[in-house]
Amino acid sequence: MADKQRTIAILTGGGDVPGLNPAIRSITIRALREGYRVIGIRRGWAGIVDYNRDPGADNTENVQELSEAIVNRAARTGGTFLHTSRTRPSHLPLGRVPAHMTGYDQPINDVTKDVLRNLEHLGVDVLVPIGGDDTLSYGKRLHDEGVHVVAIPKTMDNDVYGTDYCIGFSTCVTRTIELTHSLRTSAGSHERFRLLSNLNGEMDRKELPGILSQARLSQQGFERRRHGTFEGHLPIGEDDEWFGRIDELFV
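With positions in the sequence shown counted from 1, the corresponding number in our numbering is that position plus 158.
So, in C-alpha coordinates, the structure goes:
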(Lines of atoms letter the chains of each structure in order from A and count residues from 1; the text may use other names and numbers.)
(Lines give C-alpha, C1' and ligand atoms only; values in the text may rest on other atoms or scores of the structure.)
Protein backbone atom coordinates (compact mmCIF):
# COMPACT_ATOMS: atom_id res chain seq x y z
CA MET A 1 0.00 0.00 0.00
CA ALA A 2 1.39 3.41 -0.99
CA ASP A 3 2.31 5.83 1.77
CA LYS A 4 -0.14 8.66 2.39
CA GLN A 5 0.97 11.95 0.85
CA ARG A 6 2.12 14.31 3.57
CA THR A 7 0.91 17.91 3.73
CA ILE A 8 2.78 21.13 4.50
CA ALA A 9 0.82 24.27 5.40
CA ILE A 10 2.32 27.76 5.10
CA LEU A 11 1.01 30.98 6.63
CA THR A 12 2.28 34.55 6.99
CA GLY A 13 1.42 36.77 9.97
CA GLY A 14 2.09 40.31 11.12
CA GLY A 15 3.53 43.03 8.91
CA ASP A 16 4.38 42.45 5.26
CA VAL A 17 7.89 42.62 3.83
CA PRO A 18 9.23 42.15 0.26
CA GLY A 19 10.81 38.75 0.91
CA LEU A 20 7.64 36.87 1.86
CA ASN A 21 6.47 35.69 -1.56
CA PRO A 22 9.93 34.41 -2.58
CA ALA A 23 10.10 32.53 0.74
CA ILE A 24 6.71 30.93 0.10
CA ARG A 25 7.84 30.02 -3.42
CA SER A 26 11.05 28.38 -2.22
CA ILE A 27 9.26 26.26 0.37
CA THR A 28 6.51 25.25 -2.03
CA ILE A 29 8.69 24.25 -4.97
CA ARG A 30 11.09 22.22 -2.84
CA ALA A 31 8.25 20.51 -0.99
CA LEU A 32 6.30 19.67 -4.17
CA ARG A 33 9.39 18.17 -5.76
CA GLU A 34 9.90 16.08 -2.63
CA GLY A 35 6.39 14.70 -3.02
CA TYR A 36 4.53 16.80 -0.46
CA ARG A 37 1.16 18.47 -0.89
CA VAL A 38 1.39 22.18 -0.04
CA ILE A 39 -1.44 24.45 1.09
CA GLY A 40 -1.44 28.11 2.04
CA ILE A 41 -3.43 29.32 5.04
CA ARG A 42 -4.80 32.74 4.19
CA ARG A 43 -4.65 35.81 6.44
CA GLY A 44 -2.23 34.36 8.96
CA TRP A 45 -3.71 32.64 11.99
CA ALA A 46 -7.10 34.08 11.01
CA GLY A 47 -7.40 31.54 8.20
CA ILE A 48 -7.08 28.56 10.50
CA VAL A 49 -9.40 30.18 13.08
CA ASP A 50 -12.11 30.82 10.46
CA TYR A 51 -11.76 27.38 8.84
CA ASN A 52 -15.08 25.54 8.96
CA ARG A 53 -15.04 21.75 9.35
CA ASP A 54 -18.73 21.39 8.52
CA PRO A 55 -19.44 19.21 5.45
CA GLY A 56 -19.88 21.33 2.35
CA ALA A 57 -18.47 24.50 3.98
CA ASP A 58 -16.75 26.93 1.61
CA ASN A 59 -13.18 27.50 2.86
CA THR A 60 -11.75 29.14 -0.26
CA GLU A 61 -11.15 32.33 1.73
CA ASN A 62 -9.23 30.41 4.39
CA VAL A 63 -7.13 27.79 2.59
CA GLN A 64 -5.50 27.71 -0.84
CA GLU A 65 -3.85 24.81 -2.67
CA LEU A 66 -0.38 25.87 -3.85
CA SER A 67 1.29 24.90 -7.11
CA GLU A 68 4.52 25.89 -8.84
CA ALA A 69 2.58 28.08 -11.27
CA ILE A 70 0.88 30.00 -8.45
CA VAL A 71 4.01 30.67 -6.41
CA ASN A 72 6.12 31.51 -9.49
CA ARG A 73 3.71 34.32 -10.37
CA ALA A 74 3.46 35.53 -6.79
CA ALA A 75 7.23 35.67 -6.26
CA ARG A 76 7.50 38.54 -8.76
CA THR A 77 5.80 40.88 -6.30
CA GLY A 78 6.41 42.08 -2.77
CA GLY A 79 4.21 41.49 0.24
CA THR A 80 2.39 38.19 0.71
CA PHE A 81 -0.21 36.83 -1.69
CA LEU A 82 -1.56 34.69 1.16
CA HIS A 83 -2.38 37.95 2.95
CA THR A 84 -1.78 38.52 6.64
CA SER A 85 -3.37 39.52 9.92
CA ARG A 86 -2.52 40.02 13.57
CA THR A 87 -5.06 37.49 14.82
CA ARG A 88 -3.94 35.65 17.96
CA PRO A 89 -5.93 32.43 18.49
CA SER A 90 -4.88 32.37 22.14
CA HIS A 91 -6.30 35.87 22.73
CA LEU A 92 -9.39 36.06 20.52
CA PRO A 93 -12.06 38.67 21.41
CA LEU A 94 -15.56 37.24 21.72
CA GLY A 95 -16.79 39.31 18.78
CA ARG A 96 -14.08 37.78 16.59
CA VAL A 97 -14.97 34.14 17.36
CA PRO A 98 -16.53 32.60 14.19
CA ALA A 99 -20.23 31.79 14.38
CA HIS A 100 -19.60 28.10 13.71
CA MET A 101 -17.36 27.81 16.79
CA THR A 102 -19.21 26.97 19.98
CA GLY A 103 -18.31 26.93 23.64
CA TYR A 104 -16.66 30.34 23.86
CA ASP A 105 -18.29 33.06 25.93
CA GLN A 106 -15.44 34.99 27.54
CA PRO A 107 -14.40 38.52 26.52
CA ILE A 108 -11.03 37.02 25.46
CA ASN A 109 -10.90 33.37 24.39
CA ASP A 110 -8.24 30.76 23.69
CA VAL A 111 -9.48 28.77 20.66
CA THR A 112 -6.39 26.57 20.37
CA LYS A 113 -8.39 23.36 20.74
CA ASP A 114 -10.33 24.24 17.58
CA VAL A 115 -7.16 25.31 15.79
CA LEU A 116 -5.72 21.85 16.50
CA ARG A 117 -8.88 20.19 15.21
CA ASN A 118 -8.79 22.32 12.06
CA LEU A 119 -5.18 21.39 11.35
CA GLU A 120 -6.05 17.73 11.83
CA HIS A 121 -9.08 18.08 9.54
CA LEU A 122 -6.84 19.58 6.85
CA GLY A 123 -4.38 16.73 7.28
CA VAL A 124 -1.49 19.07 8.06
CA ASP A 125 1.70 17.18 8.92
CA VAL A 126 4.05 20.19 9.09
CA LEU A 127 3.11 23.81 9.73
CA VAL A 128 5.37 26.62 8.50
CA PRO A 129 4.47 30.01 10.06
CA ILE A 130 6.44 32.99 8.72
CA GLY A 131 6.39 35.99 11.02
CA GLY A 132 7.74 37.86 14.01
CA ASP A 133 7.30 37.60 17.76
CA ASP A 134 3.50 37.30 17.89
CA THR A 135 3.18 34.88 14.98
CA LEU A 136 6.02 32.64 16.08
CA SER A 137 5.09 32.69 19.77
CA TYR A 138 1.80 31.07 18.84
CA GLY A 139 3.71 28.67 16.60
CA LYS A 140 5.66 27.71 19.74
CA ARG A 141 2.35 27.15 21.52
CA LEU A 142 1.26 24.71 18.79
CA HIS A 143 4.67 23.01 18.95
CA ASP A 144 4.11 22.48 22.66
CA GLU A 145 0.74 20.93 21.79
CA GLY A 146 2.45 18.39 19.53
CA VAL A 147 2.22 20.05 16.12
CA HIS A 148 5.30 19.76 13.88
CA VAL A 149 6.24 23.42 13.38
CA VAL A 150 9.08 24.85 11.28
CA ALA A 151 9.20 28.61 11.97
CA ILE A 152 10.72 31.19 9.64
CA PRO A 153 11.58 34.57 11.25
CA LYS A 154 10.22 37.62 9.46
CA THR A 155 10.53 41.05 11.01
CA MET A 156 12.24 44.25 10.02
CA ASP A 157 13.32 44.62 13.67
CA ASN A 158 15.68 41.62 13.34
CA ASP A 159 14.88 40.70 16.94
CA VAL A 160 13.55 37.13 16.86
CA TYR A 161 15.42 35.22 19.54
CA GLY A 162 17.90 32.61 18.31
CA THR A 163 18.23 34.01 14.78
CA ASP A 164 20.95 36.01 13.06
CA TYR A 165 18.94 37.50 10.24
CA CYS A 166 15.21 37.94 9.57
CA ILE A 167 13.32 38.34 6.31
CA GLY A 168 12.56 42.05 5.91
CA PHE A 169 15.49 43.49 7.85
CA SER A 170 17.65 44.21 4.79
CA THR A 171 14.85 46.22 3.18
CA CYS A 172 14.30 48.14 6.41
CA VAL A 173 17.95 49.18 6.53
CA THR A 174 18.09 50.10 2.84
CA ARG A 175 14.89 52.15 2.91
CA THR A 176 15.91 53.90 6.13
CA ILE A 177 19.20 54.99 4.58
CA GLU A 178 17.46 56.19 1.40
CA LEU A 179 14.86 58.19 3.31
CA THR A 180 17.48 59.61 5.66
CA HIS A 181 19.50 60.92 2.72
CA SER A 182 16.35 62.59 1.38
CA LEU A 183 15.64 64.09 4.80
CA ARG A 184 19.15 65.55 4.99
CA THR A 185 18.57 67.45 1.74
CA SER A 186 15.44 69.15 3.08
CA ALA A 187 17.00 69.82 6.49
CA GLY A 188 20.07 71.42 4.92
CA SER A 189 18.02 73.60 2.59
CA HIS A 190 15.99 75.06 5.45
CA GLU A 191 18.80 75.02 8.03
CA ARG A 192 16.66 73.00 10.40
CA PHE A 193 16.86 69.88 12.45
CA ARG A 194 14.80 66.90 11.42
CA LEU A 195 13.72 64.25 13.90
CA LEU A 196 13.94 60.73 12.52
CA SER A 197 11.85 58.16 14.36
CA ASN A 198 11.83 54.45 13.62
CA LEU A 199 9.12 51.91 14.44
CA ASN A 200 10.84 49.82 17.07
CA GLY A 201 12.80 50.91 20.13
CA GLU A 202 14.74 47.65 20.30
CA MET A 203 16.06 48.20 16.79
CA ASP A 204 16.90 51.78 17.75
CA ARG A 205 19.35 50.60 20.40
CA LYS A 206 20.93 47.78 18.40
CA GLU A 207 20.78 48.67 14.72
CA LEU A 208 20.15 52.40 14.25
CA PRO A 209 23.71 53.58 15.00
CA GLY A 210 25.02 51.43 12.12
CA ILE A 211 22.30 52.69 9.79
CA LEU A 212 23.01 56.30 10.65
CA SER A 213 26.74 55.83 10.11
CA GLN A 214 26.02 54.59 6.59
CA ALA A 215 23.83 57.64 6.04
CA ARG A 216 26.60 59.88 7.46
CA LEU A 217 24.51 61.03 10.40
CA SER A 218 24.95 60.71 14.13
CA GLN A 219 22.53 60.21 16.97
CA GLN A 220 21.90 63.34 18.98
CA GLY A 221 21.26 63.59 22.66
CA PHE A 222 17.52 64.13 22.55
CA GLU A 223 15.90 62.80 25.66
CA ARG A 224 13.28 60.11 25.09
CA ARG A 225 10.41 59.93 27.54
CA ARG A 226 7.29 57.84 27.27
CA HIS A 227 5.40 60.31 29.45
CA GLY A 228 6.45 63.88 29.90
CA THR A 229 7.90 66.64 27.75
CA PHE A 230 10.99 67.52 25.81
CA GLU A 231 12.44 70.99 26.08
CA GLY A 232 15.09 72.00 23.62
CA HIS A 233 16.70 74.74 21.59
CA LEU A 234 16.38 74.29 17.82
CA PRO A 235 17.58 76.94 15.29
CA ILE A 236 14.88 77.32 12.62
CA GLY A 237 15.85 80.51 10.84
CA GLU A 238 18.73 82.83 10.05
CA ASP A 239 18.20 85.23 12.91
CA ASP A 240 15.51 83.82 15.15
CA GLU A 241 15.59 81.12 17.78
CA TRP A 242 12.85 78.86 19.05
CA PHE A 243 12.67 77.39 22.50
CA GLY A 244 10.12 74.66 22.04
CA ARG A 245 8.28 72.17 24.11
CA ILE A 246 7.09 69.03 22.29
CA ASP A 247 4.61 67.21 24.47
CA GLU A 248 4.58 63.41 24.28
CA LEU A 249 7.17 63.49 21.51
CA PHE A 250 8.05 59.82 21.69
CA VAL A 251 4.81 58.20 22.85
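Backbone N, C-alpha and C fix where the C-beta goes; we use that ideal spot for every residue, glycine too.
Residues of the same chain with a CB within less than 8 Å of the CB of Ile182, apart from the 5 flanking positions on each side, are Ile168, Thr170, Gly198, Leu224, Val229, Ala232, Ala233, Thr238, Phe239, Leu240 and Ile288 in chain order. For Gly297, the three-state secondary structure derived from DSSP is helix.
Restricting attention to Thr338, Ile325, Ala189 and Asn267, the CA atom closest to the CA of Gly177 is found in Ile325. Counting only residues of its own chain and dropping the five nearest sequence neighbours on each side, Val284 has a CB closer than 7 Å to the CB of Ile166, His306 and Val308. Ranked by Cα distance from Asp263, the options Gly172, Arg275, Leu250 and Val273 are led by Leu250.
In the three-state reduction of the DSSP assignment, Arg234 falls in the coil class. Distance from the Cα of Asn179 is smallest, within the candidate group Trp203, Thr218 and Thr235, for Thr235. Distance from the CA of Leu252 to the CA of Ser295, rounded to the nearest whole angstrom, comes to 21 Å. In this structure, the beta-carbon distance from His279 to Arg211 falls below 7 Å. Taken through DSSP and simplified to helix, strand or coil, Pro265 comes out as coil. When C-alpha distances from Arg164 are compared across Phe351, Arg195 and Asp174, the shortest belongs to Arg195. Rounded to whole angstroms, the separation of the alpha carbons of Cys330 and Arg342 is 18 Å.
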